[in-house]
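>
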Amino acid sequence: MKSIEPENKKIYLVTGAAGFIGFFLSKRLLEQDCWVVGIDNMNDYYDVKLKYSRLVALKEHERFTFIKGDICDKARVMEAFDEYKPDVVVNLAAQAGVRYSLENPDAYIQSNIIGFFNILEACRYNPVDHLVYASSSSVYGSNTKVPFEETDFVDHPVSLYAATKKSNELMAHTYSHLYKIPATGLRFFTVYGPMGRPDMAYFAFANKYFKGEPIRIFNNGDFENDLYRDFTYIDDVIEGVMRLLNSPPEKTKESACHRVFNIGNNSPVKLMTFIEKLEEALGKALGRKVVFEKIFEPMKPGDVPATFASTDLLQQAVGFKPKTSIEEGLQKFADWYVKYYKVK
Ligand SMILES: NC(=O)c1ccc[n+]([C@@H]2O[C@H](COP(=O)([O-])OP(=O)(O)OC[C@H]3O[C@@H](n4cnc5c(N)ncnc54)[C@H](O)[C@@H]3O)[C@@H](O)[C@H]2O)c1
2 MKSIEPENKK
12 IYLVTGAAGF
22 IGFFLSKRLL
32 EQDCWVVGID
42 NMNDYYDVKL
52 KYSRLVALKE
62 HERFTFIKGD
72 ICDKARVMEA
82 FDEYKPDVVV
92 NLAAQAGVRY
102 SLENPDAYIQ
112 SNIIGFFNIL
122 EACRYNPVDH
132 LVYASSSSVY
142 GSNTKVPFEE
152 TDFVDHPVSL
162 YAATKKSNEL
172 MAHTYSHLYK
182 IPATGLRFFT
192 VYGPMGRPDM
202 AYFAFANKYF
212 KGEPIRIFNN
222 GDFENDLYRD
232 FTYIDDVIEG
242 VMRLLNSPPE
252 KTKESACHRV
262 FNIGNNSPVK
272 LMTFIEKLEE
282 ALGKALGRKV
292 VFEKIFEPMK
302 PGDVPATFAS
312 TDLLQQAVGF
322 KPKTSIEEGL
332 QKFADWYVKY
342 YKVK
């Protein structure tokens with residue numbers, strides 16, 4: 002496995018660079034003296050101020066270039082590839098979120114299908130060493146066999162979001178086969194941490210608490226059969242992605258050089274346990290007891306009962322498995338939240 006050396010001269014093009022994962026990945030690459038070109042359309046799906054805060058931090062690095070642009074704009078994408086000639090492309094720009102795909106399906110078709118198609122076309126005409134792109138654990142749909150393995154059947158998504166991510170895997174496979182693009186898809190499992198996404202449960206719960214509002218928990222109030230999620234801490238995600246970035250699949254004449262990896266924690270946690278740990282973490286950060294007011298509701302359409310990643314393939318490929326405990330990860334989130342929003 003190659004490691005990134007400080008003298009690395011490769012150019013990394015990261016789409017969605019002002020997003021949660023894109024920011025931390027860009028930051029890590031820049032800290033290793035890599036050149037990063039970030040693209041983001043800075044949409045207002047969630048608090049844009051948070052995206053600008055991330056950008057401010059990235060712009061401190063002189064090897065960072067930012068393009069405010071939309072990956073749905075094919076001419077703009079082609080122009081960026083032509084101008085910067087990236088060696089490695091990481092496509093993280095997408096319309097994320099399962100529930101929002103019921104409200105605004107168009108955004109998913111635009112960014113996740115058309116946008117990703119434009120990235121593939123750009124890689125077709127501007128050969129790259131490696132195309133890495135975000136898929137999602139949601140491709141496993143309501144599968145009950147756990148842990149979820151990359152070889153499992155994933156042809157029955159239960160949300161349009163999941164369907165776009167599964168489509169991305171098919172599209173990448175085809176382009177990799179036809180044009181010999183070394184490509185790696187990443188099935189992320191509920192990524193959380195400081196500077197995370199305000200639309201995700203842990204962040205939204207903290208927001209509700211500080212507004213003095215109850216939190217809504219969509220688990221039918223059934224603690225026996227609670228929902229499970231394989232929460233994955235952001236630093237672990239970045240470590241896994243960094244290692245994979247530097248070990249592209251080998252090109253062969255016969256088959257596509259495309260593969261897919263789970264990036265998950267391999268240690269699912271009950272939703273109610275997660276909430277309890279979040280209360281404890283916020284309590285520690287504030288120096289007082291925190292108890293959320295809770296309202297229990299039925300599961301939402303598109304939600305899945307459980308996620309649980311097998312990390313065997315990731316371990317075999319790059320010798321790494323996420324290791325951050327939920328207590329440690331949530332404490333880092335809570336400490337950041339209290340400081341960033343100056344809450345008491
Ligand atoms: N965070 C998770 O738990 C998780 C889980 C599974 C998959 N993913 C996937 O990982 C990727 C990154 O997720 P994230 O959590 O950082 O989300 P995010 O929303 O924080 O980041 C995505 C960024 O892409 C930008 N963007 C969206 N559409 C764009 C477009 N058409 N053109 C240019 N920029 C655009 C947004 O402004 C945003 O800054 C996404 O593809 C997401 O679907 C994330």
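Taking my numbering, the leading residue of the sequence shown gets 2, the next gets one more, and so forth.
Using N, Cα and C, we set each Cβ at its ideal position, and we do this for glycine too.
Quick check: the Cα distance between Glu251 and Phe24, rounded to an integer number of angstroms?
Looking at the two C-alpha atoms, the distance is approximately 28 Å.
> Let's test the definition: count the other Cβ atoms within 10 Å of the Cβ of Ser27 and tell me whether it reaches 16, buried, or not, exposed.
Buried: at least 16 other Cβ atoms inside 10 Å.
> Is any heavy atom of ligand 1 found at a distance shorter than 7 Å from the C-beta of Lys52?
Answer for Lys52: yes, Cβ within range of ligand 1.
> With H, G and I counted as helix, E and B as strand and the rest as coil, what does DSSP make of Ile327?
Here Ile327 sits in helix by DSSP.
> I'd like the list of long-range same chain contacts for Tyr229, defined as Cβ closer than 8 Å, with 5 residues on each side in sequence excluded.
Taken in chain order, the residues that qualify are Pro269, Val270, Lys271, Leu272, Pro306, Ala307, Thr308, Phe309.
> Scan the stretch 10-48 and note each continuous alpha helix (DSSP H) run of 4 residues or more that stays entirely inside, going in chain order.
You should have 21-32.
> Would you say Ala173 touches ligand 1, meaning its beta carbon is less than 7 Å from a heavy atom?
No, the beta carbon of Ala173 sits no closer than 7 Å to any heavy atom of ligand 1.
> Rank Phe149, Lys285, Asn105, Lys295 by C-alpha distance to the C-alpha of Ser311 and give the top, closest one.
Ranking Phe149, Lys285, Asn105, Lys295 by Cα distance to Ser311 puts Phe149 first.
> For ligand 1, is there a heavy atom less than 7 Å away from the beta-carbon of Met300?
Outside the cutoff, so no.
> Nearest CA to the CA of Thr152: which residue from Thr233, Gln332, Ile22, Arg260?
Ranking the options by Cα distance to Thr152, first place goes to Arg260.
> From Pro199 to Asn44, what distance separates their C-alpha atoms?
Distance between the alpha carbons of Pro199 and Asn44 is about 14 Å.
> Whole angstroms are fine: how far does the CA of Asn263 sit from the CA of Phe189?
Approximately 6 Å, taken between the alpha carbons.
> The alpha helix (DSSP H) that contains Gly241, what's its start and end?
Here the alpha helix (DSSP H) through Gly241 covers 235-246.
> Give a yes or no on whether 8 Å exceeds the smallest Cβ distance from Phe82 to chain C.
The structure shown contains no chain C, having only a single protein chain.
> Is DSSP giving Tyr193 helix, strand or coil here?
Of the three classes helix, strand and coil, the one that applies to Tyr193 here is strand, per DSSP.
> Measure how close the beta-carbons of Val159 and Ser143 come, nearest whole angstrom, since I'm counting them as under 8 Å.
At roughly 6 Å, the Cβ-Cβ gap stays under 8 Å, so Val159 and Ser143 are in contact.
> Could you tell me which residues DSSP pairs with Lys167 in its beta bridges?
Paired residue(s): none; Lys167 is not in a bridge.
> By the 10 Å Cβ neighbour count, where 16 or more other Cβ atoms means buried, how is Ile327 classified, buried or exposed?
Ile327 comes out buried.
> With DSSP as the reference, label Tyr366 as helix, strand or coil.
No answer is possible for residue 366: the residues shown for the chain start at 2 and end at 345.
> Hey, quick one: how far does the alpha helix (DSSP H) through Thr66 stretch, first residue to last?
It is not in any alpha helix (DSSP H) - Thr66 instead sits in the beta strand (DSSP E) that spans 65-69.
> What residue from Leu51, Ser54, Ile12 has the CA that sits closest to Asp34's CA?
For Asp34, the nearest C-alpha among the options comes from Ile12.
> Note down the Cα distance separating Pro249 from Leu121, rounded to an integer number of angstroms.
If you take the alpha carbons of Pro249 and Leu121, they lie about 16 Å apart.
> With hydrogens ignored, establish whether the beta-carbon of Met79 is closer than 7 Å to any heavy atom of ligand 1.
Not under cutoff, so the answer is no.
> Please name the residue or residues paired with His259 in a DSSP beta bridge.
Partner(s): Ala184.
> Excluding five sequence neighbours on each side, which residues of the same chain lie with their C-beta closer than 7 Å to the C-beta of Gly17?
Closer than 7 Å at Cβ, skipping near neighbours: Gly23, Asp41, Leu93, Ala94, Ala95.
> For Met2, does the three-state DSSP call read helix, strand or coil?
Any reading at Met2 needs caution, since the residue's pLDDT is 35, under 50, leaving its predicted position unreliable; the model's value is listed next. In the structure shown, Met2 sits in coil (DSSP, three-state: anything other than H, G, I, E or B).
> What three-state label does DSSP hand Lys278 in the structure shown?
Note: Lys278 maps to helix in three-state DSSP.
> May I ask you to verify whether the stretch 170-185 touches the stretch 70-88, counting CB pairs closer than 8 Å and requiring at least 3?
The stretch 170-185, when compared against the stretch 70-88, does not touch it at the 8 Å Cβ threshold.
> Tell me which residues share the same chain as Leu283 and place their Cβ nearer than 6 Å to its Cβ, disregarding the 5 neighbours each side in the sequence.
So the qualifying residues of the chain are Val291, Ala335.
> Who are Ala309's beta bridge partners in DSSP?
The question names Ala, but residue 309 in the sequence shown is Phe. DSSP lists no partner for Phe309.
> May I ask you to list the residues that DSSP assigns as paired with Tyr229?
DSSP output for Tyr229 lists Lys271, Ala307 as bridge partner(s).
> May I ask whether a heavy atom of ligand 1 can be found less than 7 Å away from the beta carbon of Arg198?
Correct: Arg198 has its Cβ closer than 7 Å to ligand 1.
> Between Cys258 and ligand 1, is the CB less than 7 Å from at least one heavy atom?
Answer for Cys258: no, Cβ out of range of ligand 1.
> Among residues of its own chain, excluding the 5 on either side of Pro7, which ones have a beta-carbon nearer than 6 Å to its beta-carbon?
Its pLDDT being 42, under 50, Pro7 is placed unreliably by the model, and nothing is read from it.
> Does the beta-carbon of Ala53 have 16 or more other beta-carbons within 10 angstroms, so that it is buried, or is it exposed?
Correcting the residue type first, residue 53 is Tyr in the shown sequence and not Ala. Tyr53 is exposed by the Cβ-count criterion.
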